[in-house]
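Structure, as structure tokens:
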Amino acid sequence: MANFFIDRPIFAWVLAILLCLTGTLAILSLPVEQYPDLAPPNVRITANYPGASAQTLENTVTQVIEQNMTGLDNLMYMSSQSSATGQATITLSFTAGTDPDEAVQQVQNQLQSAMRKLPQAVQNQGVTVRKTGDTNILTLAFVSTDGSMDKQDIA
Numbered sequence: 001m002a003n004f005f006i007d008r009p010i011f012a013w014v015l016a017i018l019l020c021l022t023g024t025l026a027i028l029s030l031p032v033e034q035y036p037d038l039a040p041p042n043v044r045i046t047a048n049y050p051g052a053s054a055q056t057l058e059n060t061v062t063q064v065i066e067q068n069m070t071g072l073d074n075l076m077y078m079s080s081q082s083s084a085t086g087q088a089t090i091t092l093s094f095t096a097g098t099d100p101d102e103a104v105q106q107v108q109n110q111l112q113s114a115m116r117k118l119p120q121a122v123q124n125q126g127v128t129v130r131k132t133g134d135t136n137i138l139t140l141a142f143v144s145t146d147g148s149m150d151k152q153d154i155a
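Structure representation (structure tokens):
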């Protein structure tokens with residue numbers, strides 16, 4: 001069989017091109033039923049404690065909220081950040097397929113039980129809860145290590 005195509009190279013090329021074109025047309029005509037969720041739904045909790053250090057914020061706000069969030073349905077993991085400017089951010093990541101609105105509702109319910117344990121200044125400032133399901137899949141950073149290019153050159 002190999003000799004057949006070796007003796008007829010033009011026929012082999014035509015056959016290969018036809019197969020590629022047929023495959024391309026078949027891919028373009030396939031229907032798309034549903035686009036998958038690429039990123040799991042996230043819920044972000046933000047609390048402000050004016051004048052508090054990062055350590056105080058971690059001990060009195062972040063840990064209290066994290067302890068109350070441990071029993072949520074479909075919770076994969078949580079991460080937190082406490083800054084020296086008095087802001088604590090806790091991000092809760094849920095499994096793919098979880099309804100983001102339902103996740104926000106669960107977080108708000110759990111947060112209500114934690115509010116009385118938080119410092120009065122945090123309660124006065126308020127704690128915000130919002131869903132952040134659309135996250136970046138890829139973030140790139142370009143740097144000129146030798147300083148020969150500025151921001152406009154890199155952009």
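For the sequence shown, the residue numbers in the UniProt record's numbering are 1 to 155.
Just so it is clear, CB atoms sit at the ideal spot from N, CA and C, and this is done for glycine as well.
Owing to the predicted nature of the structure, the values given are computational and were not obtained by experimental measurement.
For ASN124 and GLY147, the gap between their C-alpha atoms comes out near 47 Å.
Secondary-structure assignment with DSSP links ALA47 through a beta bridge to ALA88, VAL127. Boundaries of the alpha helix (DSSP H) harbouring LEU111: 100-115, taken from the DSSP string. In its chain, beyond the 5 residues on either side, SER82, SER83, ALA84 have a beta carbon closer than 8 Å to the beta carbon of ALA54.
Considering only THR70, VAL129, LYS151, SER144, the residue with the shortest C-alpha distance to ASN42 is VAL129. Contact between THR98 and ASN74 holds, with the beta-carbon distance rounding to 4 Å and staying under 8 Å. Taking C-beta atoms under 8 Å as the contact rule, TYR49 and GLY86 qualify, at a distance of about 5 Å. Partner residues in the beta bridge of ASN42, as assigned by DSSP, are SER93.
Taken atom to atom, the span from the alpha-carbon of GLN110 to that of GLY51 is near 26 Å. Using a Cβ distance threshold of 8 Å, VAL107 and LEU92 count as a contacting pair.
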